[in-house]
Structure formats: C-alpha cells, structure tokens
Amino acid sequence: MLTNKNLFFLIIQAQIGIGILGLPYILYNHVQQDGWMSLLIAGVLAQGIIIILVALSRSSPKETFYELNHRLLGNFLAKIVNILYVLYFISFSMLLMILVTDVINTWILHQTPRWAIILMLLIATSYIAKEQIVTISRAFLFFSFLFIVLIFLLILVYPQDIHFGRLQPVGSNSFTDIVKASPDAFVSLIGFELILFIMPYIKNPKTSLKVLSFANLFSLTLYIFLFITCVISFSGVQFSLIHEPLLYLFRGMSFQFVERIDIIFLSFWIVPISTTLVIQLFNASLGVQNIFSFQRKKSVYILAIILLCLGLFPISFSMKESLSSIMIYLNIIFVFIFPALLLIIAKLKGIKG
Amino acid sequence: MAESKNEFLSFDLTRNLKIIEDKMKQTADLKRRKLTFHGKAIILLYLDTIADKESIELHIISPINKQKSESIENTLDTKQFSIMTTYQDISDSLAEGNTILIMEDCNIAYSITTLSDEKRAINESLNEKVTMGSHDGFVENASTNISLLRKRLRTPELKVEYQTYGTETNVEVAICYLESKVDPTVLHSIKSRLEKIKNEDLINSRQIQEALEDYPYSPFPQSLRTERPDRAAFNLLNGNTVIFLEHEPSALITPISFYSFLRSPEDYNSRWFVNFFYYSLRLLAFILSVTLPAFYIAVNAYHSAILPVSTFYTLKLSVLNVPFHPFVEAVMMQIVLELLKEASVRLPSAVAQTIGTVGAIVIGSAIVQTNFISNTMVVVIAITAVSSFVIPIGEMSTTIRLMSFPLIFLAAMFGFIGIAFGLMVYTTHLVKLTSAGIAYVEAPKIFQSFLNKQPKNGKGQDTNAHE
Numbered sequence: 001m002l003t004n005k006n007l008f009f010l011i012i013q014a015q016i017g018i019g020i021l022g023l024p025y026i027l028y029n030h031v032q033q034d035g036w037m038s039l040l041i042a043g044v045l046a047q048g049i050i051i052i053l054v055a056l057s058r059s060s061p062k063e064t065f066y067e068l069n070h071r072l073l074g075n076f077l078a079k080i081v082n083i084l085y086v087l088y089f090i091s092f093s094m095l096l097m098i099l100v101t102d103v104i105n106t107w108i109l110h111q112t113p114r115w116a117i118i119l120m121l122l123i124a125t126s127y128i129a130k131e132q133i134v135t136i137s138r139a140f141l142f143f144s145f146l147f148i149v150l151i152f153l154l155i156l157v158y159p160q161d162i163h164f165g166r167l168q169p170v171g172s173n174s175f176t177d178i179v180k181a182s183p184d185a186f187v188s189l190i191g192f193e194l195i196l197f198i199m200p201y202i203k204n205p206k207t208s209l210k211v212l213s214f215a216n217l218f219s220l221t222l223y224i225f226l227f228i229t230c231v232i233s234f235s236g237v238q239f240s241l242i243h244e245p246l247l248y249l250f251r252g253m254s255f256q257f258v259e260r261i262d263i264i265f266l267s268f269w270i271v272p273i274s275t276t277l278v279i280q281l282f283n284a285s286l287g288v289q290n291i292f293s294f295q296r297k298k299s300v301y302i303l304a305i306i307l308l309c310l311g312l313f314p315i316s317f318s319m320k321e322s323l324s325s326i327m328i329y330l331n332i333i334f335v336f337i338f339p340a341l342l343l344i345i346a347k348l349k350g351i352k353g
Numbered sequence: 354m355a356e357s358k359n360e361f362l363s364f365d366l367t368r369n370l371k372i373i374e375d376k377m378k379q380t381a382d383l384k385r386r387k388l389t390f391h392g393k394a395i396i397l398l399y400l401d402t403i404a405d406k407e408s409i410e411l412h413i414i415s416p417i418n419k420q421k422s423e424s425i426e427n428t429l430d431t432k433q434f435s436i437m438t439t440y441q442d443i444s445d446s447l448a449e450g451n452t453i454l455i456m457e458d459c460n461i462a463y464s465i466t467t468l469s470d471e472k473r474a475i476n477e478s479l480n481e482k483v484t485m486g487s488h489d490g491f492v493e494n495a496s497t498n499i500s501l502l503r504k505r506l507r508t509p510e511l512k513v514e515y516q517t518y519g520t521e522t523n524v525e526v527a528i529c530y531l532e533s534k535v536d537p538t539v540l541h542s543i544k545s546r547l548e549k550i551k552n553e554d555l556i557n558s559r560q561i562q563e564a565l566e567d568y569p570y571s572p573f574p575q576s577l578r579t580e581r582p583d584r585a586a587f588n589l590l591n592g593n594t595v596i597f598l599e600h601e602p603s604a605l606i607t608p609i610s611f612y613s614f615l616r617s618p619e620d621y622n623s624r625w626f627v628n629f630f631y632y633s634l635r636l637l638a639f640i641l642s643v644t645l646p647a648f649y650i651a652v653n654a655y656h657s658a659i660l661p662v663s664t665f666y667t668l669k670l671s672v673l674n675v676p677f678h679p680f681v682e683a684v685m686m687q688i689v690l691e692l693l694k695e696a697s698v699r700l701p702s703a704v705a706q707t708i709g710t711v712g713a714i715v716i717g718s719a720i721v722q723t724n725f726i727s728n729t730m731v732v733v734i735a736i737t738a739v740s741s742f743v744i745p746i747g748e749m750s751t752t753i754r755l756m757s758f759p760l761i762f763l764a765a766m767f768g769f770i771g772i773a774f775g776l777m778v779y780t781t782h783l784v785k786l787t788s789a790g791i792a793y794v795e796a797p798k799i800f801q802s803f804l805n806k807q808p809k810n811g812k813g814q815d816t817n818a819h820e
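First to last, the protein sequences are chains X and F. Counting in this note's numbering, the first sequence runs from 1 upward without gaps. Counting in this note's numbering, the second sequence runs from 354 upward without gaps.
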C-alpha cells in the first residue's frame, strides 16, 4: 500500500519532467517578467482540480477511475470514455517522446536516430511501469535525489552575473494576458490526475488531499524559483533566442574539473522525464487492462510497442507544434472538465463522498 | 529378501546379518566383529570408514569383555544408544556412522553412536577478515557453529530447529532464530520455502539460497552467506534467521537488506566516525565499481567537451595511439583483470604471488607500452577492481563488478544518457527485490522522519538499514 511519502514522490515525479527545460522561455515570451503570476494562477487552478479529483476518487476509494466510469455511465458509454482516456495518455506519451528526442538530438546525441532513443526510453520505462505501483513509487523516491541536485545547481547560479532589477516592473502586462499564459504553465503541472487511478492502493485516503496539495506546492515553488532564476540571469533579447533557458544557465557555469554542466545535467534529467512517461504508461495500461481485460504487464508491453511504432514515423516540426497546442486543450478536457462532470453525476446519483 | 520397509528383526541371527548386509549392498567397508556376552554370541556391525574405532574399542568391546553386568543395557550405559527393531532403521543408522549391536536369539538391535568426530579446528575465516574483533570462523559442523552462536547469545530465546533434507544425502539443516525478535510471518515463509526442497539432495548452501530467494534470476544475492559468528549473532539480534547446512562452513542469513552487504562486523567495533567513514567509503566503492568504467567511456567517446582544456589534452594524448574504441579497451581490460583474479584464486598461494607480479608488471605496464590499452583505461579499471574488492562479502563484490558490463555497453551506445537509463533500471530492479518478503533496499531514513510519522511496525525490518 502507498504511504503518504510514496504518494508525494509519485505525484512530484509525475508533475516535474521535461517542462522544466522550456517553461521559462514560453512564459517569458508571453508575459515577460510577470510569468510567475501565470504560474501562480496555474497553480491555483491545479489546486482546484486536485480538490475535484480527490473528491471524485474518494466517492469510491476501492475503484480506479475506469471502474468508476462503468458504474456511473453504464457499460457502453464508459467503454468509449475509457478508450478516449487511453488514447489521451498515448498521445501525451507520444508528445513527450518527441520532445525528449528533440532535446537529446539538439544537445547531446546529434547523430543518433530518433527510433534508437525511443527504443531505449521505452525499454527502460516499460520495465518500471510493469511493476506494482508501490515498487514504482519506491524507485521514484530514489530518483528524487535529482531534484536536490537541480536546486543545488540553481543556487550556484546566484553568485554569478544576475540582476534582480529584471523582475521589475511587476504587473506591466494586463491581467488577461497573464491569465492567457497560464494554460502553458498548467501543462507543466499535469500529473496529479494519477490520483484517479491509484486510489485503491492508497493506505490512508483521508490524507491524500493534503499530500497532493503539498506535492503541488512543491512543484509550483520549484517552477517559480526556476523562472525567477532564469529571468534575473538573462536579458530580454537573450530570452527570445534560447528555447531551453535552464540548460543555457548551466552552460555558463564551469568548475575546476568539469565544464558543460548542461550536458551532464540533461543526461541525468532524462530520469525525471522518463518517470512522467512511466506514469502515463501506468495510467494507460490500467485502461487497457480494463477495456480488453489483459494482464497489466502485458498491456504495458502492448502500449510500448504501439508507442514504438508511432515513434518510427517521421515527425515534422509543424506536426509537433500542432500536437503540443492540441495537447494543451486535451489536458484541460481530460484532467479538469470531464472529471468535474463525472463528480456532478456522482453527486446527483447520490454516492456518498 | 527383505524389501518391505518395516520388516522387523527376527530371532535368527544369521538371517538378520544376511538381510542387513544385503541392505548395505555388501559394501566392503562394513565390518563385522564377533563377541560373546554371558555365553551368547554378539555381533558388532559398523562402517569402518566413518566409525570411530577407538571409541568402539573403549566403550563397547571392553565393557562387554569385562561382563560388568547381567544385561547388555547396563553394560553399555556409559554410551548413548538406541534400540532398533527394523532392518531399515539399522541400515540408516549404519550409514550415519553408528555401530549396531545384535545378539543371538534376540529381535532387537542396539545402535550406539560412534561417529568419528573429525572436526576442523575453529580458525579465522579466510574470506571475511577483520583487523579488530573476534577471529573465530564457522567450521564444517553445524553443531559447532551453533555452539559458537550460543556462546554469544546466552539466552533461552535462541531456538534451533533441525530438519533432514534429501533422499540420498540425508543432510541436516539447522534453522536458528531468536523467538522474541523474529517476525512470525517471515519465519513462516522461510520454513514453507524450505519445505519445498525437502526431498532435494542438498550438497551446498546455494541450493538453500535458491529456495529462499524471491527472484532467483536476479544477479544480486538475496541472502547473506557469512563465515563469521559475530555477524550471524548480530543479525539474530536484529530478528533475522540464520540457517546452517551441515558440512558447509558458512551461515545463510535471511531476510537481509542490501546495506548489510556493505557492512563489516569491524564497523561496530570502531568509533562512530570511523564507522561512518568506512561505511561511506564502501558506498562510494559500490557506486564507483558499477559506474566508473562506463563514465570514462562516455566521456572519452561522446562528451569530451565536459573536460577542462588541460585535462582534455591529457586524456587525448593517452588515447592517441590506441587503435581500439574505448568500449573494446574496457572490455579487454576487465576480462584480463577477471582472468588474473581467477588464476590467483585457483593456484596454490605460493604460485599465486607470481600471478600478481605477472599481472602488475607484465600485463599492466607492457600492455600500455604496446599501445593496446591506454594508460587512463588501466587506471580506471584498476580503481574499479579495487573498489569492488572493498565490499566485504565476496558474492556481492563479484556481482557488482559484473554489473558494470551492461553499463559499459550502454555508455558506448548512448553516452551519459545510456548510463542514466541503465542506473534507472538498476535502481528499479534493486527496489523491486525482496528477501523473504522484506524489502531488499529501503530508502534512506531521512525522508521518513519528516514526511511519514507512522509508528515503526514489524520487528527486525527497521534495524536492517542501519546494519
């Protein structure tokens, strides 16, 4: 059974991943130095959604989301919804894999073909995702060591050439602009929907809301810290040119024995990125298990093969762009709107929360 | 002929002897000795290869010749004996080294314990040496080994259970645990696992280990094999179970945590910061021996950019004339190292020193001079080897050294990213493992203290991590 500690690390590992590399760039280009406000708004939105999700999953703590659908919507409709969710997780994983391989190809392995990286990524992640959720969470706890490294490296930036003045003027953008930028920030906080699928495995469901809120707070604080560190380190012109500000931040650092911290950091940051993929695979495999009544281990392998086949297709830049813009809306539909509707249905049907 | 298992002895002495000899397959070392006791013929039967002749002479033959008492029981009462009535019991008892006494016109036989006690003296264990602490080691005799534990744990809580395994070997296995400390569910699972190999012929403790393991295909040992009584006693106090196999000079400790393999009993005999330092050193050695060659290859083949200019030139100069890819270099050097190690184990110790010289001078320096392998690679592999030898338990040390090979391969394919993925899979694998149902690798306790304020549950498990 998952303890509070396990749950906390599961959620932060699901939330924090590839978003950390590009988020400051996206936010800065929308709302400049006010990006942290968009982050806050996204955080509050995420907190609201967490409350909804916890309320929904607590309405029947012994069932996963897929089983709950069957009870609330009837078999036929539930099957369609479950298939849609599996497709959503597959497309999320697909986008994630495209983004990862792009970053790796740009920064580290320039010649390695996309399929080779995807193959290795899928072997490693499906090896983890096929395990029980408790094992996954215990492994994630060890991987969380990298967050400490990240924070440490970010602190090392501070003695360098930084200007706090770049944070001013505060609130120069209109409120609507700031709100409009928040969906971009929200994408990086996605991951807490995992709670819908692991409720039956949680030891004390009563405290899950508190743990999830803490995890969300942790991720949000990390993102804001990161954003502020980037803003005070780069000028506006620089910001418009660099897509991965975090890596450039580390590129500037050098020590007696090591240079190019960015390469080492990115290589090992693959681990938190993979954990996001592991969670997606886990969620999707539960769905496949529910729809086709396979073993979960087998469903993980099937999903990995599907993703590998999808990864073999050549992907153009425009495809990637459109996929990522569609995903922003899909995220909101699948993580927010649909569970909210389901909660209303559950309340109407009179299931005790 | 007597084939039925429970056929009883008859009053006919000649028939009895014939059946027993047939039961023993007319083996040449079955000796027969004829005596008379108050006018009755007495036959002594024993296997002279394992029976102690001196003891037979002293405790059986001479009292009978003196004819101290009227009954044979009173004559023999100085020695431990039991009464046998079936041929099967008699032949089993003979095979165990006992002497059988049969009388004329009598349908019972006496079995007298005369197993020759050829014990090895208690020596220091060769494979787990310490500089501080006790110097006794387990021997090939389970009861001696248990006595070594009892001397350390003088409590009635120490419980020993004997069971006999195998159809041919009939070897005894002893399970020891502290009744007050052991977790009953864990103990039950250990016993039920052992129950499954009840009919297997046990020759070495690996067979027991395999039965106990939850993941037999994992490269990591999931029960600790030690030759040191102090380590076994320490683990008993932590609620673990110690298993002895007769004729095996080591104890199997289960359940065990991964961290125990990085511990030496010496640690607890030192000041706290010495203890802490050596524990950290072994953790570092573990990490180095798994990742160092892979790291070097990744840097050399993909990421030379991370080195400062001066270091970069040093590295490039050293690999300049080497015709091989660093991956080939590393694998070659690792294999040479394993060959040297294996050769020095197999050879008698006097010759083994020669191997050391050959390894160091001939292979070490000549291989660099001929430009087959670069200087830096020799250094890297040497550090890896030395780090792996630091691990106190031999089984784990070998495992760790071999675990570096997949990482070397991944590093040659994908550089640092390959290492990251490899370590990710290793971590998950280690976390997945359980030893007798208890987690093999627990997270460091730092997180627990401020995130999870639950009362510690279960005996024994919590102490494992510190041990």
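Every residue, glycine too, gets a C-beta built ideally from N, C-alpha and C. Note that the structure is predicted; figures quoted are calculated from it, not measured.
Query                                                                                                                                                                          : Result
Using a beta-carbon distance below 8 Å, is Y127(X) in contact with chain F?                                                                                                    : yes
Once DSSP output is grouped into helix, strand and coil, what is the label at Y530(F)?                                                                                         : strand
How big is the Cα-Cα spacing for F573(F) and M749(F)?                                                                                                                          : 7 Å
Are any of the Cβ atoms in chain X nearer than 8 Å to that of I453(F)?                                                                                                         : no
For S274(X), decide whether its Cβ has a neighbour in chain F, counting only Cβ atoms nearer than 8 Å.                                                                         : yes
Alpha carbon to alpha carbon, how far is S57(X) from M199(X)?                                                                                                                  : 6 Å
Spell out whether any CB of chain F is found under 8 Å from the CB atom of I148(X).                                                                                            : no
Excluding the 5 residues flanking A78(X) on each side, which residues of the same chain have their C-beta closer than 6 Å to its C-beta?                                       : N69 and H70
Answer yes or no: does any C-beta atom of chain X fall closer than 8 Å to that of M749(F)?                                                                                     : no
Expressed to the nearest angstrom, what Euclidean distance is found between the alpha-carbon atoms of K504(F) and P537(F)?                                                     : 25 Å
Among I734(F), L511(F), A604(F) and I561(F), which residue has its Cα nearest to the Cα of R578(F)?                                                                            : A604(F)
Listing by chain order, which chain X residues have their CB less than 9 Å from the CB of H656(F)?                                                                             : I108, R260, I263, I264 and S267
Can you tell me where the beta strand (DSSP E) with K669(F) in it begins and where it stops?                                                                                   : Segment V662 to V672 is the alpha helix (DSSP H) holding K669(F); no beta strand (DSSP E) there.
Could you tell me whether the Cβ of G768(F) comes closer than 8 Å to any Cβ of chain X?                                                                                        : yes
Note down, in chain order, all residues in the stretch 713-734 of chain F with a beta-carbon under 9 Å from any beta-carbon belonging to chain X.                              : none
From the DSSP output, read off the bridge partner residues of I516(F).                                                                                                         : Per the sequence shown, the amino acid found at residue 516(F) is Gln instead of Ile. According to DSSP, Q516(F) bridges with V526(F).
Inspect the CB distances between the stretch 470-485 of chain F and the stretch 370-377 of chain F and report whether three or more fall short of 8 Å.                         : no
Between the Cα of A792(F) and those of A696(F), F611(F) and T484(F), spot the shortest distance and give me the residue it belongs to.                                         : F611(F)
Can you list, in chain order, the residues of its chain whose CB lies under 8 Å from that of V149(X), leaving out five sequence neighbours each side?                          : F265 and F268
Does DSSP classify L2(X) as helix, strand or coil?                                                                                                                             : strand
Do you know offhand how far Y463(F)'s Cα is from I436(F)'s?                                                                                                                    : 5 Å
Would G287(X) and Y127(X) qualify as a contact pair, given that the criterion is a beta-carbon distance under 8 Å?                                                             : no
Leaving aside the five residues before and after P61(X) along the sequence, list all residues of the same chain whose C-beta is less than 8 Å from its C-beta, in chain order. : M199, P200, I202 and P205
For M456(F), which option in D365(F), P646(F) and S444(F) has the closest C-alpha, if you only look at C-alpha atoms?                                                          : D365(F)
Does the Cβ of D34(X) have 16 or more other Cβ atoms within 10 Å, making it buried, or fewer, making it exposed?                                                               : buried
Can you grab the Cα-Cα spacing for the pair F800(F) / E63(X), in whole Å?                                                                                                      : A caution first: F800(F) carries a pLDDT of 45, below 50, which makes its placement in the model unreliable, though a value can still be read off. Rounded to whole angstroms, F800(F) to E63(X) spans 29 Å at the Cα level.
Going straight from the alpha carbon of A654(F) to that of P679(F), what length do you get?                                                                                    : 7 Å
I465(F) and L454(F) look like a contact to me (Cβ under 8 Å); what is the Cβ gap, rounded to whole Å?                                                                          : 6 Å
Give me the Cα-Cα distance between Q160(X) and A185(X), rounded to the nearest whole angstrom.                                                                                 : 27 Å
Is the CB of T781(F) under 8 Å away from at least one CB in chain A?                                                                                                           : Reference to chain A is not applicable here, since the protein chains of this structure are X and F.
Apart from the five residues just before and just after L156(X), which ones in its own chain have a Cβ nearer than 6 Å to its Cβ?                                              : none
When you check each C-beta in the stretch 269-299 of chain X against every C-beta of chain F, which residues fall closer than 9 Å?                                             : W269, I270, V271, S274 and T275
Return the bridge partner residues of E566(F) from the DSSP annotation.                                                                                                        : S788(F)
Counting only beta-carbon atoms, is I104(X) nearer than 8 Å to chain F?                                                                                                        : yes
So if DSSP puts V595(F) in a beta bridge, which residue, or which two residues, is it bridged to?                                                                              : C529(F) and I606(F)
Comparing the C-beta of R138(X) with each C-beta of chain F, is any distance below 8 Å?                                                                                        : yes
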